[in-house]
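In terms of the numbering used here, the sequence shown has 213 at position 148, counting the first letter as 1, and numbering is strictly consecutive.
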Amino acid sequence: MSTILYKDISLEKCQQQTRFCSSKEKEVIALEGSELQFLNPAGLYDPSQYGYTHVAVVPSGAKMVYIAGQGGEDKNANLVSKDFTGQLKHAFANLRTALSAVGVSPEHVVKTTVLIVDHNETKLQQLIAEVQAMWGNKAPACTLIPVPRLALDGMLFEIDAVAVVR
């Protein structure tokens, strides 16, 4: 069981039903416990159908791991495909490889940032399918940014990640 510490207030004094107080007088300053928690607060839409979570809470004392943007490149920095689907799938495979290198798996990821060239609904649906394949219903917080171009000519997709290690 985790305990949330508040500046000048304890969890027992929090009158809300959730484990997180959103009142401006209450500032969450730490989360004790060993659980990584994902939360979609009341008052915000449920983003699970889009493959992400609004809030990820990292346990106190956890080490943060930052994974640089992974695209659809092979180990020689060559794009494996000219199409979005091929690059998307390979970028997720590269993300798994990077996570594995530090001894963590996808469920340790708390935040991703996704960059998509010429973003559209079709690409979004393909991304959602990959996110659900990797994380199921426990997707991390995510920011998707449509962009006109990425680092390499022909690069269409990139994902970076923040993970936690206990």
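Don't be surprised by glycine CBs; every beta carbon is placed ideally from N, CA and C. Computed from a predicted structure; not experimentally measured.
| Query | Result |
| --- | --- |
| For P211, name the three-state secondary structure that DSSP assigns. | strand |
| Can you look up I100 in the DSSP assignment and give me helix, strand or coil? | One point to set straight first is that residue 100 is Glu, not Ile, in the sequence displayed. Coil. |
| Can you give the beta carbon distance from L153 to F222, rounded, assuming they're within the 8 Å contact cut? | 5 Å |
| Please report how far the alpha carbon of L215 lies from the alpha carbon of H155, in whole angstroms. | 16 Å |
| When burial is assigned at 16 or more other CB atoms within 10 Å of the CB, is L117 buried or exposed? | Checking the sequence, you will find Tyr at residue 117 rather than Leu. Per the 10 Å Cβ criterion, buried. |
| Quick one: what's got a C-beta closer than 6 Å to L109's C-beta in the same chain, skipping five residues either side? | H119 |
| Can you tell me which of the three DSSP states Y131 falls into? | strand |
| Within this structure, are the beta carbons of S125 and G137 separated by less than 7 Å? | no |
| Looking only at DSSP bridge pairs, what is G118 linked to? | Note on residue identity: the sequence assigns Thr, not Gly, to residue 118. In the DSSP output, where bridge partners are listed per residue, T118 has A206. |
| Please state the DSSP three-state secondary structure of V179. | strand |
| Once you ignore the five residues that flank Q197 on each side, which residues in its own chain have a CB closer than 8 Å to its CB? | G116, A204 |
| V229 and V175: beta carbons closer than 7 Å? | yes |
| So for A49, helix, strand or coil by DSSP? | Past the edges of the chain, shown from 66 to 231, lies residue 49, and the structure says nothing about it. |
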